[in-house]
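Residue numbers (the working numbering), protein chains in the order written: chain A, 244 to 624; chain B, 244 to 624.
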């Protein structure tokens, strides 16, 4: 098992990574401050892992100062429908209702068991319930394990924009059981690899080279390769989050491919492409624009594209999104300022910058080229 | 004009109090960090004051670093339906929709123009939009001016509990134009006085005595008396908030009468009694319980009751709420811990404590006596 720390002063928390962690009560016991626990999961992950987690939590006890003795936890669970399409304000209601029906108070903890959507929704519900209660991330998809479970960004989508409603709310702990990846379908798995590739491109040329050497092992889900990829990704994310918790500067680099990607997800309707698939195409669009600006060489773009293809990810945006629609959607991105589209662009493999200072014609050319071509390797679902 | 400061380090902000402030651009200009402004108001206050505020904001300019010049603000407005019954997650949607339709970004500011419901909803929308944008409180009811606009508590109700979903989000400024009280109806005005009385009971025997001497002038809305009552209330609240921003201890004292009051509001259905009316009855219930515990003298209880009656406020809970229903509703209060009902109780006029250590039979007697009697001075609406 590996353990990292996200260093945020009073809000610091550990990330535990390893096989079988869902069955180990210790990490949960350390992170709990009260005895009321609500597991929030979804209709896909719940049937697979909810019972295992409940069994583990049955071994955890909590000190009750009123009775001066240790007591068993009070555990309940809520299952959300599975999918990005349900990541809305409305669909938080079952979480709030259950917390209130059970009389859960400010000392209660939410445990988010699932992928990025579950983590974002459960985390946001924790941020808002009684103006903030604790939560623990138990990510079960590769994407959530390497990205969304770390860093405290929580929230839901609005029909006019993705992740537009939310809060910064750090978890008490992140518990990553790598065994849960065994049940992840291929598209979901590949989607997670998009974010791993991202860490290489924005800040870690060594990780990028390691990925070029080990993409085969990763796609085969070899345990050692998985643990390394997850640990290095979490390290990269933790370092950036510690330096810039609320996205004043450096943290924005994590959005490489995301402004293009969000436009894709919104433009074709949430849930048709997975977030990681849209990000993969977005990274290639950012790389293409960087090439047009003279920052990336043709060779570097080809290396990124080749790695993306080997990961089983799309490298082109869907054919039915026009340049005009793309620009419109990109302007409502959270990074936009006064209508100006700020983009994360790689300057080389292992370095990136946030800028609104680029030739708009180059962006137009990227959008035209990437939307007009039929996807060479689109999502397989 | 008077000015106070809420001292919260980086999150400190000024409170401006005085007649005619809606027409003065200076305070708004100082508080704005960007040029996009969304006024959130309701269908009662909007028609009265929205245009005046827009005219004032037309005089404010904002420096645009991209163009290196000062520009006029971009101002829009959203009108919510008036009433506590609409203070729900659903009813935030028009705010988010307008912000997104206008392409408002993270530098945008929400201006909450209205009473406590508008301030709580607009503030919560500001807390959540793109994970947090600025907002300015422009409270137009006495209750909002002396209480809810100061301190950063924002949120909405859930059908199972009041203010159960929300965030701590401090405003950039509070602008209190005392002229707006001229259009406030009598019930709303009296409801505000309940919170002023509360500050006297929990921490300021001098203020309580001042109120006994000046309640006539306040009820007549004499400007000098109003300004004094608002300033002293804001000072009391600002001091408590500065000492305890997130309600670890002292801040809980502000909830005198609120656990009983919330039970009343929820029990009879939001909107039938005003918040301040429910709090007034709740303060008397807390005083009655404190008397039964031997903390308050009969004379002190009578002084509180007499002042409450003079303010035109109810002193008894509605007749149709049983003891059992009261206890059930009080157990979901945010201050409850593991089902235990924690209450703020006065120990004398000018002092109060938060405790769960009281004789449950005394609470039962208070609930029986206060629900069984017909209200001697119920809300007049």
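Here a beta-carbon is modelled for each residue, glycine too, at the ideal position from N, C-alpha and C.
Computed from a prediction, not measured in an experiment: that's the story for all the values here.
Assign residue i to one of three DSSP states: helix, strand, or coil.
| i | result |
| --- | --- |
| residue 621 of chain A | At residue 621 of chain A, the pLDDT of 43 sits below 50, so the modelled position is not reliable; the number obtained from the coordinates is stated separately. Here residue 621 of chain A sits in coil by DSSP. |
| residue 407 of chain A | strand |
| residue 252 of chain A | helix |
| residue 319 of chain B | strand |
| residue 607 of chain B | helix |
| residue 546 of chain A | helix |
| residue 259 of chain A | strand |
| residue 446 of chain A | helix |
| residue 601 of chain B | coil |
| residue 586 of chain A | strand |
| residue 281 of chain A | strand |
| residue 412 of chain B | coil |
| residue 357 of chain B | strand |
| residue 485 of chain A | helix |
| residue 377 of chain B | strand |
| residue 330 of chain B | coil |
| residue 425 of chain B | helix |
| residue 246 of chain A | strand |
| residue 313 of chain B | strand |
| residue 351 of chain A | coil |
| residue 289 of chain A | helix |
| residue 596 of chain B | strand |
| residue 615 of chain B | The predicted model places residue 615 of chain B with a pLDDT of 45, which falls under 50 and marks its position as unreliable, so this point remains unresolved. |
| residue 325 of chain A | coil |
| residue 575 of chain B | coil |
| residue 439 of chain A | helix |
Go through its chain and collect everything with a Cβ distance to residue i's Cβ below 6 Å, but skip five positions before and after it.
| i | result |
| --- | --- |
| residue 418 of chain A | 259, 264, 270 and 381 |
| residue 514 of chain A | 326, 327 and 328 |
| residue 500 of chain B | 522, 525, 526 and 529 |
| residue 317 of chain A | 278 and 279 |
| residue 295 of chain A | 265 |
| residue 547 of chain A | 530 |
| residue 423 of chain A | 383 |
For the candidate residues the options, whose alpha-carbon lies nearest to that of residue i?
| i | options | result |
| --- | --- | --- |
| residue 372 of chain B | A:509, A:266, A:367 and A:373 | A:367 |
| residue 413 of chain A | A:528, A:363 and A:386 | A:363 |
| residue 432 of chain A | A:443, A:392, A:499 and A:519 | A:519 |
| residue 463 of chain B | B:539, B:554 and B:536 | B:554 |
| residue 601 of chain B | B:532, B:357, B:571 and B:451 | B:532 |
| residue 393 of chain B | B:318, B:460 and B:483 | B:483 |
| residue 543 of chain A | A:377, A:286 and A:451 | A:451 |
| residue 421 of chain A | A:262, A:407, A:609 and A:247 | A:262 |
| residue 285 of chain A | A:356, A:251 and A:556 | A:356 |
| residue 402 of chain A | B:348, B:344 and B:510 | B:344 |
| residue 365 of chain A | A:349, A:330 and A:346 | A:330 |
| residue 609 of chain B | B:570, B:348 and B:268 | B:570 |
| residue 248 of chain B | B:494, B:377, B:479 and B:455 | B:479 |
| residue 411 of chain A | B:374, B:504, B:466 and B:253 | B:374 |
Mind checking if residue i is an interface residue toward chain D, Cβ cutoff 7 Å exclusive?
| i | result |
| --- | --- |
| residue 343 of chain A | Going by chain labels, chain D is absent from the structure shown, which instead holds the protein chains A and B. |
Could you check whether the Cβ of residue i sits closer than 6 Å to any heavy atom belonging to the ligand MN?
| i | result |
| --- | --- |
| residue 565 of chain A | With respect to the ligand MN, the structure offers nothing, as it holds no ligand at all. |
Leaving out five residues before and five after residue i in sequence, what residues of the same chain have Cβ atoms less than 7 Å from its Cβ?
| i | result |
| --- | --- |
| residue 458 of chain A | 550, 553 and 554 |
| residue 583 of chain B | 599 |
| residue 384 of chain A | 358, 359, 427, 431 and 435 |
Quick check on residue i: buried or exposed, where buried means 16 or more other Cβ atoms within 10 Å of its Cβ?
| i | result |
| --- | --- |
| residue 333 of chain A | exposed |
| residue 290 of chain B | exposed |
| residue 624 of chain B | Residue placement at residue 624 of chain B cannot be trusted, given a pLDDT of 36 that sits under 50; what the coordinates show is reported in the next sentence. Exposed: under 16 other Cβ atoms inside 10 Å. |
| residue 358 of chain B | buried |
| residue 426 of chain A | exposed |
| residue 498 of chain A | buried |
| residue 255 of chain A | exposed |
| residue 400 of chain A | buried |
| residue 406 of chain A | buried |
| residue 244 of chain B | exposed |
| residue 315 of chain B | exposed |
| residue 603 of chain B | exposed |
| residue 449 of chain B | exposed |
Below 8 Å CB to CB, which residues in the same chain sit around residue i once its five sequence neighbours on both sides are set aside?
| i | result |
| --- | --- |
| residue 617 of chain A | Bear in mind that a pLDDT of 46 at residue 617 of chain A, under 50, signals an unreliable position, so the model cannot answer this. |
| residue 590 of chain B | 533, 538, 539 and 596 |
Do the segment 335-349 of chain B and the segment 309-325 of chain B make contact, defined as three or more Cβ pairs closer than 8 Å? Result yes; three or more Cβ-Cβ pairs closer than 8 Å.
Stretch-stretch touch, CB-based, cutoff 8 Å, three pairs: the segment 472-490 of chain A with the segment 385-398 of chain A: Segments in contact, yes.
Three or more C-beta pairs below 8 Å linking the segment 583-595 of chain B and the segment 439-458 of chain B: Result yes; three or more Cβ-Cβ pairs closer than 8 Å.
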